[in-house]
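Per this note's numbering: the sequence shown = residues 11 to 304. Glycine included, C-beta positions come from ideal geometry on N, C-alpha and C. Heads up: the structure comes next, in structure tokens.
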Amino acid sequence: MAKSTKKSPKSPDGQAPRGVRIPHDWTGDVRDLDPRSTPDFDGRKAEGREFLLARDAELDELQERLYAADHGTEGGRSVLLVVQGMDTSGKGGIMRHVVGSVDPQGVDITAFKAPTDEEKKHDFLWRIRPHAPEPGQIGVFDRSHYEDVLIHRVHGWADAKEIRARYTAINAFERELIAAGTTVVKVMLHISHEEQGERLMERLERPDKHWKYNPGDVDEREHWDDYMEAYTRALRATSTVGAPWHVVPADRKWYARIAVQQLLIDALREIDPQWPAADFDVDEEIRRLRETQG
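Here you go:
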């Protein structure tokens, strides 16, 4: 596929928020990263909202070009966006305000819930593999295969040996995706304990948000430190050169959205999909159409 000679538009004010990229040899702790920070963006909420809207058109065009160029082809390119985070971290907002800004025919969103009895009979990746994005698609995992190392570690449903084996299986799975032409974008929406409490309280105090509330969320808050340890270990084990994690501070919803939007734009710019050439004689079709116009 020929590369475009057209330069991608620069982001407003030259800023490009992406959260915090986790290197493959990271030995840090997610608890040391500030959930209220706004890395690489010095604006406030109003500027953040304008920033999001200003780049919608570029993201939409890049996604449409990807779909036009590679949909239905063998070995075409695709993108997989993995979104992980504690309850209320803003996954739904990412789906609506970022992923929702592109043509839905080119997006496949999968929200993985607790495995069914049938799924439990198989390897933990068995139910994940069928949802890998097809060529030309942006696949989105709203929660993902990482649930099987996070929740299982926190609740002791798998021992340390099994968790390590799953890290290895995940890395191998993501290498397979990359080899097949998929760019893997992994995001941890990093929310603070305090902010989560406020968002859960809002769900209780507003009748229009009661449907979002799950009593089990409060139960999981009791394991907060265990979850942060589980995330830390998962990031260390599975942030690879080919599929790095980005920890996106999520206490400010508007920042999380522009950071994930930037990561998707980055992935699509790297692919640089081109409009496919017409497989018909354009001049002849113009002539034929004009004949029907009287």
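In the three-state reduction of the DSSP assignment, residue 151 falls in the strand class. Runs of the alpha helix (DSSP H) lying entirely within the segment 95-176 and spanning at least 4 residues, in chain order: 101-107, 127-130 and 157-165. At the C-beta level, residue 205 and residue 261 come within 8 Å of one another.
CA-CA distance, residue 234 to residue 98, rounds to 13 Å.
The beta carbons of residue 181 and residue 248 sit about 6 Å from each other, so the pair counts as a contact at 8 Å. The Cβ atoms of residue 108 and residue 195 lie no closer than 8 Å to each other. According to DSSP, residue 255 shares a beta bridge with 32 and 196. Here residue 91 carries a strand assignment [DSSP, helix/strand/coil]. For a cut-off of 8 Å, the C-beta gap from residue 90 to residue 151 is around 7 Å, short enough to register as a contact. Judged by beta-carbon spacing, residue 273 lies within the 8 Å limit of residue 28, meaning their Cβ atoms are closer than that value. Per DSSP, residue 203 is one residue of the alpha helix (DSSP H) stretching across 203-215.
By a beta-carbon distance limit of 8 Å, residue 263 contacts residue 100. Their separation comes to about 5 Å. Sixteen is the threshold: when 16 or more other Cβ atoms of the shown chains lie within 10 Å of the Cβ of residue 163, as they do, the residue is buried. Only residues of its own chain outside the window of five on either side were considered, and among them 25, 26, 27 and 28 have a CB closer than 7 Å to the CB of residue 50, listed in chain order. Rounded to the nearest whole angstrom, the C-alpha separation of residue 148 and residue 304 is 43 Å. When DSSP states are grouped into helix, strand and coil, residue 290 belongs to the coil group. For residue 225, the enclosing alpha helix (DSSP H) begins and ends at 225-231. Of the residues 250, 186 and 52, the one whose Cα lies closest to the Cα of residue 35 is 250. Cβ contact annotation for residue 141 (same chain, cutoff 6 Å, sequence separation greater than five): 120, in chain order. Membership of residue 234 in the alpha helix (DSSP H) is indicated by the continuous run 234-248. Taking C-alpha positions only, residue 255 is separated from residue 221 by approximately 31 Å.
Between residue 279 and residue 43, the CB-CB gap reaches or exceeds 8 Å. In this structure, 239 is the residue among 294, 298 and 239 with its C-alpha nearest to the C-alpha of residue 40. Under a 10 Å Cβ-count criterion, residue 299 is classified as exposed, with fewer than 16 other Cβ atoms of the shown protein chains found around its own Cβ. The distance from the Cβ of residue 258 to that of residue 203 is about 17 Å, inconsistent with a contact at the 8 Å cut-off. For residue 69, the closest C-alpha among the options 277, 186, 118 and 285 is that of 277.
Beyond the five residues adjoining it in sequence on each side, residue 48 comes within less than 6 Å, by CB distance, of 265 in the same chain, given in chain order.
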